[in-house]
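K.L.:
Per the numbering used here, the very first residue in the sequence shown carries number 8; after that it's consecutive.
Cβ atoms here follow ideal geometry from the backbone N, Cα and C, with glycine treated the same way.
The structure is given below, and queries will be raised subsequently.
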Amino acid sequence: MISSTESRASSPLIETHTIDPIPLTQRHGAPASQFTLWFGANLQITAVVDGALAIVFGAEALTAIIGLLIGNLLGGIVMALHAAQGPGTGLPQMITSRAQFGVRGAALPLLLVIIMYLGFAATGTVLSGQAINRLFGFSAPQTGMIVFGALTAVIAIVGYRLIHVVGRIASVVAIIGFGYLAWQLFAQYDVAAAFGQKPFTLPTLLLAVALAAGWQMTFAPYVADYSRYLPADTPRAAVFWPTLLGSVTGAQLAMTFGVLVAACGGHFLSDQVGFLGGLAAPGLAAVIYVAIVTGKLTVNCLNAYGGFMSALTVVSAFRRGQAISGLARAAYILGFILLSLLIALYASADFLKFFKNFVLLLLAVFVPWSAINLVDYYLISHERVDIPALYDVNGRYGSWNGVAIGCYLSGIVVQVPFLSQALYTGPLATWLGGADISWIVSLGLTSLVYYRLATRQQPVCRGRQ
Numbered sequence: 008m009i010s011s012t013e014s015r016a017s018s019p020l021i022e023t024h025t026i027d028p029i030p031l032t033q034r035h036g037a038p039a040s041q042f043t044l045w046f047g048a049n050l051q052i053t054a055v056v057d058g059a060l061a062i063v064f065g066a067e068a069l070t071a072i073i074g075l076l077i078g079n080l081l082g083g084i085v086m087a088l089h090a091a092q093g094p095g096t097g098l099p100q101m102i103t104s105r106a107q108f109g110v111r112g113a114a115l116p117l118l119l120v121i122i123m124y125l126g127f128a129a130t131g132t133v134l135s136g137q138a139i140n141r142l143f144g145f146s147a148p149q150t151g152m153i154v155f156g157a158l159t160a161v162i163a164i165v166g167y168r169l170i171h172v173v174g175r176i177a178s179v180v181a182i183i184g185f186g187y188l189a190w191q192l193f194a195q196y197d198v199a200a201a202f203g204q205k206p207f208t209l210p211t212l213l214l215a216v217a218l219a220a221g222w223q224m225t226f227a228p229y230v231a232d233y234s235r236y237l238p239a240d241t242p243r244a245a246v247f248w249p250t251l252l253g254s255v256t257g258a259q260l261a262m263t264f265g266v267l268v269a270a271c272g273g274h275f276l277s278d279q280v281g282f283l284g285g286l287a288a289p290g291l292a293a294v295i296y297v298a299i300v301t302g303k304l305t306v307n308c309l310n311a312y313g314g315f316m317s318a319l320t321v322v323s324a325f326r327r328g329q330a331i332s333g334l335a336r337a338a339y340i341l342g343f344i345l346l347s348l349l350i351a352l353y354a355s356a357d358f359l360k361f362f363k364n365f366v367l368l369l370l371a372v373f374v375p376w377s378a379i380n381l382v383d384y385y386l387i388s389h390e391r392v393d394i395p396a397l398y399d400v401n402g403r404y405g406s407w408n409g410v411a412i413g414c415y416l417s418g419i420v421v422q423v424p425f426l427s428q429a430l431y432t433g434p435l436a437t438w439l440g441g442a443d444i445s446w447i448v449s450l451g452l453t454s455l456v457y458y459r460l461a462t463r464q465q466p467v468c469r470g471r472q
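Right under this line is the structure:
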């Protein structure tokens, strides 16, 4: 067996693998890397905004913090279960959906994944561009966004190992930056007075739970992309726990900070970057801008890297041949970043607000996908995947799987009455006082229905080949 050091030393600087299985001789790393990556990806400005929204939606501060913690734990468990698949398959997350939906049927959730991550990348680019402009004094708004897009492109093209390095750096920078901001918040505001301003209500608690659970589940479609290089004999629990703890801890710290900022009456949501920079003492705002950019750079690289592999998975299902050149790989990544940059550059503020709301509504499509993927992998296939069949439309998974697709679409439809989003609020959500429990309903029903139908359709366990 080749050691991790040997395999790492023989690996090229720029990653060459895409949606193909990672050979056992090239596996390397330790599960602890999952903690730093997901901690750094979560302790960042957008998670702060997510926490602040709980207050905007009417929750009392303590209620919001408790609800966010519950949501982070529940959503984080789902997300970490996906991460644990990486070492066993050696594959990116979304290509394993072919085992449930069929080689071509998996394009349905994949296309929606790409749209969502384009939206998150675009809005993240706007915030990071503002921080870069303030840091270096650029006057043209587009300058910072272009610089940020270029940084994202370089890191995403170099690939897996550099993304993990950036995640470790972001973790350290975030602890320093947000630790300092928390200290400044307590020094400048009466934080204790933020508690008890409103009465407890169940709908606002459930809204906070949904905000955090939805946040965690957005990582599910690509979380295994960053654990697939780990040795195949890595225990699943050794991947699950660092991923869960890193993601939940980073997100909860950021969201709690967001709750306190919003509850203290700061005008954070109207100018997120400016408000955080203004909390710092004179001369130290630059540290905060670096922390903002570093945190967003980590998650933007995740978006670009996962987005390009999702796009490649769709394209490869409808054309012959699976291997692509390094140049083509770079072209996919650059195309994704360019598109997200164009959205950020040319879209108006109102459009960005609309698009972000649309992206949040799209979260409803990932709950049933997650339910189907996890039930199939852990309860039906028992962690066995016929890897060659994932690339063969004539293989055992076929082109289209009607059971999975039907359950998936039903899992989306069943949420509609329970949705409570900016673009749409369902009648049952209104009856519940605005509480959004759509994801709970879909997760439970989709899991039960898919398990029942899929076990009838495929009574023989699928084996890994």
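Would you kindly work out how many angstroms separate the C-alpha atoms of V179 and G47, rounded to a whole number?
P.N.:
Their backbone Cα atoms lie some 8 Å apart in a straight line.
K.L.:
Under three-state DSSP, which class holds R471?
P.N.:
With a pLDDT of 43 at R471, under the threshold of 50, the modelled position of that residue is not reliable, and the figure given next carries that caveat. Coil.
K.L.:
How big is the Cα-Cα spacing for W45 and G281?
P.N.:
Approximately 25 Å between the Cα atoms of the pair.
K.L.:
Comparing the CB of L214 with every heavy atom of the ligand ADP, is any distance shorter than 7 Å?
P.N.:
Absence of the ligand ADP from the depicted structure is noted, as is the absence of any ligand whatsoever, leaving it without description.
K.L.:
For P228 versus M101, is the C-beta distance shorter than 8 Å?
P.N.:
Closer than 8 Å, so yes.
K.L.:
Would you check if the distance between the CB atom of A91 and the CB atom of S104 is smaller than 8 Å?
P.N.:
Not a contact, by the Cβ cut-off of 8 Å.
K.L.:
Quick one: Cα of A200 to Cα of F275, how far?
P.N.:
Roughly 18 Å between the two C-alpha positions.
K.L.:
Enumerated in chain order, which unbroken segments of the alpha helix (DSSP H) with a length of 4 residues or greater are wholly contained in the segment 75–148?
P.N.:
As far as the segment 75–148 is concerned, its whole alpha helix (DSSP H) runs of at least 4 residues are 93–96, 105–108, 114–143.
K.L.:
Looking at the structure shown, is T225 part of a helix, part of a strand, or coil, going by DSSP?
P.N.:
DSSP places T225 in coil when its eight states are reduced to three.
K.L.:
Just to check my reading of the structure: G265 and D399 have Cβ atoms closer than 8 Å, yes? What is that Cβ distance to the nearest angstrom?
P.N.:
Actually they do not touch by this definition, with Cβ atoms about 47 Å apart.
K.L.:
Candidates G109, I52, Y431: which alpha carbon is nearest V297's?
P.N.:
Out of G109, I52, Y431, I52 has the C-alpha closest to the C-alpha of V297.
K.L.:
Any C-beta of chain C sitting closer than 8 Å to the C-beta of W248?
P.N.:
Among the chains in the structure shown there is no chain C, since it carries only a single protein chain.
K.L.:
Measuring CB to CB, does R336 end up less than 8 Å from I29?
P.N.:
No, they are not a contact pair.
K.L.:
What are the boundary residues of the alpha helix (DSSP H) that I182 is part of?
P.N.:
Where I182 is concerned, the enclosing alpha helix (DSSP H) stretches over 167–195.
K.L.:
Quick one: measure Cβ to Cβ for L260 and F193, integer angstroms, because I've assumed they're closer than 8 Å.
P.N.:
Rounded, the Cβ-Cβ distance is 14 Å, inconsistent with contact.
K.L.:
Using DSSP with H/G/I as helix, E/B as strand and the rest coil, what is T432?
P.N.:
DSSP places T432 in strand when its eight states are reduced to three.
K.L.:
Would G314 and F343 be called neighbours here (beta carbons separated by less than 8 Å)?
P.N.:
The answer is yes: Cβ separation under 8 Å.
K.L.:
Measuring only the C-alpha atoms, how far is I444 from A220?
P.N.:
For I444 and A220, the distance between alpha carbons rounds to 11 Å.
K.L.:
Do you know offhand how far W190's Cα is from G284's?
P.N.:
Spanning the two alpha carbons is a distance of roughly 14 Å.
K.L.:
Comparing alpha-carbon positions, which option in I121, E67, A371 lies nearest G418?
P.N.:
Of the listed residues, the one whose Cα sits closest to G418 is A371.
K.L.:
Near C468, what residues of its chain come up, given a Cβ to Cβ distance below 7 Å and the 5 sequence neighbours on each side ignored?
P.N.:
For C468, the predicted model reports a pLDDT of 40, less than 50, meaning its position is unreliable and no value from the coordinates is stated.
K.L.:
Rounded to whole angstroms, what's the CA-CA distance from Q472 to A396? Just pull it up for me.
P.N.:
Confidence is the limiting factor: at Q472 the pLDDT is only 42, short of 50, which leaves the residue's position unreliable and the question unanswerable from this model.
K.L.:
Count the CB pairs spanning the segment 404–416 and the segment 126–136 that are closer than 8 Å, and state whether there are at least three.
P.N.:
No, because fewer than three Cβ pairs between the segment 404–416 and the segment 126–136 fall closer than 8 Å, the two stretches do not touch.
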